[in-house]
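Residue numbers (UniProt numbering): 1 to 210.
Let me begin by presenting the structure, written as structure tokens, before commenting on it.
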């Protein structure tokens with residue numbers, strides 16, 4: 001039996017996943033988590049094989065959660081399930097320790113097959129993306145400046161382009177407003193931009209925000 005931990009802040013999505021797996025005879029949901037801290041706590045408390053992890057959690061970026069789970073040396077696998085496009089997030093997720101990346105609009109039977117595949121020690125990314133990564137050189141790296149961000153910079157960037165204030169970001173990340181402001185300045189410098197409006201335009205053009 002493949003034991004699954006679901007980490008997503010949307011109850012309807014978690015319920016949908018539970019219904020999907022209840023129709024199988026070899027996959028069982030053993031725990032649910034609603035935010036980053038809860039995910040880390042449940043990951044340590046429960047015996048699970050596969051975690052289905054959303055990137056956009058309320059209190060902590062899913063990639064940071066992923067790195068903490070990986071650093072704890074838990075003998076389990078993580079499949080990132082997100083609305084964000086694979087081209088922009090899959091590589092970062094895999095580098096952070098994920099065994100696979102899928103978008104939330106993937107077919108149900110595909111999700112079930114991928115969970116079984118990961119449970120057997122396999123990995124997964126969309127075949128088209130895998131081919132693209134193997135055979136398509138990055139010609140214009142300027143278009144991919146955000147991929148050079150650290151995970152913390154990327155999280156702050158994502159919150160900024162989502163319309164969060166510096167104070168709100170500081171509260172969410174348990175940082176000082178001054179520290180967040182420093183991250184913002186560093187991001188603007190790397191992007192060669194002057195204000196949040198330019199960052200937001202960049203993010204919209206590359207589908208980095210929902």
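Beta carbons are placed, not taken as given, at the ideal position from N, Cα and C, and that holds for glycine.
Bounding residues of the alpha helix (DSSP H) (the contiguous stretch that carries residue 183)
Within the chain shown, residue 183 is the residue found at index 183, counting from 1. For residue 183, the enclosing alpha helix (DSSP H) covers residues 177-191.
From the DSSP output, which residues share a beta bridge with residue 122?
What you label residue 122 is simply residue 122 of the chain shown in a count that begins at 1. Beta-bridge partners assigned by DSSP to residue 122: none are found.
Check the DSSP bridge columns for residue 101 and list the partner residues they point to.
For the purposes of this step, residue 101 is identified with residue 101 of the chain shown, where counting begins at 1. For residue 101, which the question treats as bridged, DSSP gives the partners 80.
According to DSSP, simplified to helix, strand and coil, what is residue 72?
Residue mapping note: residue 72 aligns to position 72 of the chain shown, counting from 1. Taken through DSSP and simplified to helix, strand or coil, residue 72 comes out as coil.
Distance between residue 154 and residue 129 (C-alpha atoms, nearest Å)
Along the chain shown, one-based indexing puts residue 129 at 129. Along the chain shown, one-based indexing puts residue 154 at 154. Going from the Cα of residue 129 to the Cα of residue 154 covers about 21 Å.
Pick out whichever of 60, 40 and 45 has its Cα sitting closest to the Cα of residue 168.
As a first step, residue 168 must be located in the chain shown, where it is residue number 168. It is 60.
Determine the contact status of residue 52 and residue 81, defining contact as a CB-CB distance below 9 Å.
Indexing the chain shown from 1 puts residue 52 at position 52. Indexing the chain shown from 1 puts residue 81 at position 81. If you check the CB distance, residue 52 and residue 81 come in under 9 Å.
For residue 57 versus residue 11, is the C-beta distance shorter than 9 Å?
On the chain shown, residue 57 is found 57 positions in, with the first residue counted as 1. On the chain shown, residue 11 is found 11 positions in, with the first residue counted as 1. Going by C-beta atoms, residue 57 is not nearer than 9 Å to residue 11.
Comparing alpha-carbon positions, which option in 111, 190, 96 and 102 lies nearest residue 84?
Locating residue 84 in the chain shown gives position 84, where the first residue counts as 1. Looking only at 111, 190, 96 and 102, the smallest Cα-Cα distance to residue 84 is reached by 102.
Can you check which of these residues, 33, 2 and 37, is closest to residue 22 by C-alpha distance?
Translated into positions along the chain shown, residue 22 becomes position 22. Of 33, 2 and 37, the residue nearest in Cα terms is 2.
Bridge partners for residue 28 per DSSP, in chain order?
On the chain shown, residue 28 is found 28 positions in, with the first residue counted as 1. Residue 28 pairs with 3.
Check this for me: beta carbons of residue 78 and residue 69, under 9 Å apart or not?
On the chain shown, position 78 is the one that residue 78 refers to. On the chain shown, position 69 is the one that residue 69 refers to. Yes, they are a contact pair.
Residue 50 vs residue 4 beta-carbon contact at 9 Å
Working through the chain shown from its first residue, we reach residue 50 at position 50. Working through the chain shown from its first residue, we reach residue 4 at position 4. The answer is yes: Cβ separation under 9 Å.
Tell me whether the beta-carbon of residue 116 lies closer than 9 Å to the beta-carbon of residue 55.
Position 116 of the chain shown, counted from the first residue, corresponds to residue 116. Position 55 of the chain shown, counted from the first residue, corresponds to residue 55. In this structure, residue 116 keeps its C-beta atom at 9 Å or more from the C-beta atom of residue 55.
Spatial neighbours of residue 39 within its chain, please: CB distance less than 6 Å, with the 5 preceding and 5 following residues excluded, ordered by chain position.
The residue labelled residue 39 in the question sits at position 39 within the chain shown. Non-local C-beta neighbours of residue 39 in its own chain, meaning closer than 6 Å and more than five positions away in sequence, comprise 7, 33 and 65, ordered along the chain.
Residue closest to residue 174, alpha-carbon to alpha-carbon, out of 163, 161 and 156
Within the chain shown, numbered from 1, the residue matching residue 174 stands at position 174. Nearest to residue 174 by C-alpha distance, out of 163, 161 and 156, is 156.
Can you pull the DSSP bridge partners for residue 53?
Within the chain shown, numbered from 1, the residue matching residue 53 stands at position 53. DSSP lists 7 and 80 as the beta-bridge partner residues of residue 53.
If you follow the alpha helix (DSSP H) that residue 155 is part of, which residue opens it and which one closes it?
Position 155 of the chain shown, counting from 1, holds the residue named residue 155. For residue 155, the enclosing alpha helix (DSSP H) stretches over residues 151-161.
If residue 170 sits next to residue 177, beta carbons under 8 Å apart, how far is it from one beta carbon to the other, in whole angstroms?
Within the chain shown, the letter at position 170 stands for residue 170. Within the chain shown, the letter at position 177 stands for residue 177. With a Cβ gap of about 5 Å, residue 170 and residue 177 count as contacting.
Residue 31 burial status per 10 Å Cβ neighbour count (16 or more: buried)
Counting from one through the chain shown, the residue named residue 31 turns up at place 31. The residue in question, residue 31, is buried, as its Cβ has 16 or more Cβ neighbours within 10 Å.
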